[in-house]
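Shown next, in structure tokens, is the structure this report addresses.
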Amino acid sequence: MTEAQLSTMDGSRGEITVYRWPNPDATHRVLLVHGYGEHLGRYDHVAAALHANGAEIIGPDHLGHGRSAGERVLVHSFDDVLADLRAVADRAGADLPVVLVGHSMGGMIAARYAQLHGAGLTSVVLSGPVLGSWAPIALADGEIPDEPLDVSTLSRDPAVGERYAADPLIWHGPFKRETLRALGRCLDEINAGPRLTPPTLWLHGEDDHLVPIGPSRAGIDRIRGDRFEQIAYPGARHEIFNETNNAAVLADVTTFVTRTLGG
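In terms of the numbering used here, the sequence shown opens at residue 4 and continues consecutively.
In structure tokens:
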């Protein structure tokens with residue numbers, strides 16, 4: 004697989020960086036959505052697994068994240084993020100079936116995107132998604148601690164946390180109050196929104212302390228459609244794509260995608 008090709012485009016609130024892992028023999032396109040404070044450059048191995056399964060992969064660094072413009076991790080409204088994601092998808096074209104894959108906050112974004120644009124999606128994969136409710140949102144109305152993330156909560160593989168802590172493109176500071184409020188509004192919209200119409204796979208680590216499985220399960224149960232599958236991984240922490248069993252997780256993803264494509 005070739006390395007990601009980076010380009011830029013005008014987003015809702017400034018220039019955003021777009022990643023594309025091309026595949027001249029692609030049978031489908033994956034729209035990949037990263038989580039809070041991180042960037043899509045951390046997903047090369049995910050893209051490699053999807054690419055080997057016949058995908059071209061595209062996705063942006065969200066505004067205020069990674070290589071994209073904007074104050075770090077400041078999101079006034081996730082409508083802006085959703086509009087940017089739709090613009091990236093539109094620029095890629097309508098020549099291939101589209102699969103949506105989102106992790107963590109990216110899973111929340113993907114769920115809302117699927118509610119709004121589900122007719123254009125072949126299937127949806129939600130990895131450790133922020134759904135239902137999320138405890139940090141309550142910090143928006145009080146004191147927001149400036150404490151670094153406990154990187155041991157990411158994965159049982161300590162190297163994952165070490166790389167995370169050393170990555171200059173990752174935000175290592177406190178939450179922004181406006182972003183937490185925007186997260187809360189987006190969850191309210193998802194909870195009140197329609198059920199998901201595309202086939203959907205929900206994946207979660209049972210030992211996820213950053214986005215606990217209970218609230219996420221309650222959230223997905225509220226919006227899941229008739230074509231729904233779920234897998235919980237015993238002992239796995241938050242970043243299941245970076246867990247010690249990540250090969251099995253990615254195999255579960257590609258098996259689901261192939262099945263929903265009719266392969």
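Ideal Cβ positions, reconstructed from N, Cα and C, are used throughout, including at glycine.
Q.
Can you tell me where the alpha helix (DSSP H) holding Tyr116 begins and where it ends?
A. Met108 to His120
Q | DSSP state of Ile61 mapped onto helix, strand, coil | A | strand
Q: In the DSSP assignment, find the unbroken alpha helix (DSSP H) run with Ser219 in it and report its ends.
A: Ile216 to Ile226
Q | Straight-line Cα distance separating His79 from Val101 | A | 28 Å
(Q) Looking at Tyr116: is its Cβ nearer than 8 Å to the Cβ of Leu88? (A) yes
Q. Going along the chain, which residues of its own chain have a beta-carbon closer than 7 Å to the beta-carbon of Asp210, five neighbours each way excluded?
A. Gly238, Ala239 and Arg240
Q. Ile19 by DSSP, collapsed to three states: which one?
A. strand
Q: Would you identify the three-state DSSP class for Leu190, choosing helix, strand or coil?
A: helix
Q. Using the C-alpha atoms, what's the distance from Gly265 back to Pro177?
A. 44 Å
Q. Straight-line CA distance for Asp98 to His31?
A. 9 Å
Q: State buried or exposed for Ser1, treating a residue as buried only when at least 16 other CB atoms are found within 10 Å of its CB.
A: Nothing in the structure corresponds to residue 1, since the chain is present only between 4 and 266.
Q) Leaving out five residues before and five after Pro202 in sequence, what residues of the same chain have Cβ atoms less than 6 Å from its Cβ? A) Ser126, Arg230 and Thr263
Q) When burial is assigned at 16 or more other CB atoms within 10 Å of the CB, is His48 buried or exposed? A) exposed
(Q) Taking a contact to mean a Cβ-Cβ separation below 8 Å, would you say Val33 touches Ile60 in this structure? (A) yes
Q. Is the segment 192-207 close to the segment 154-165, with three or more CB pairs under 8 Å?
A. no
Q) Distance, Cα to Cα, Asn194 vs Glu6? A) 37 Å
Q) DSSP three-state call for Thr203: helix, strand or coil? A) strand
Q | Proximity winner among Trp205, Leu157 and Phe81, relative to Gly14 (alpha-carbon distances) | A | Phe81
Q) Is Val78 helix, strand or coil when you go by DSSP? A) coil
Q) Per DSSP, what kind of secondary structure is Val133 in: helix, strand or coil? A) coil
Q) Cα separation between His212 and Gln233? A) 19 Å
Q: Kindly indicate the opening and closing residues of the beta strand (DSSP E) around Trp236.
A: In the sequence as presented, Trp is not what sits at residue 236; that position holds Tyr. Where Tyr236 is concerned, the enclosing beta strand (DSSP E) stretches over Phe231 to Tyr236.
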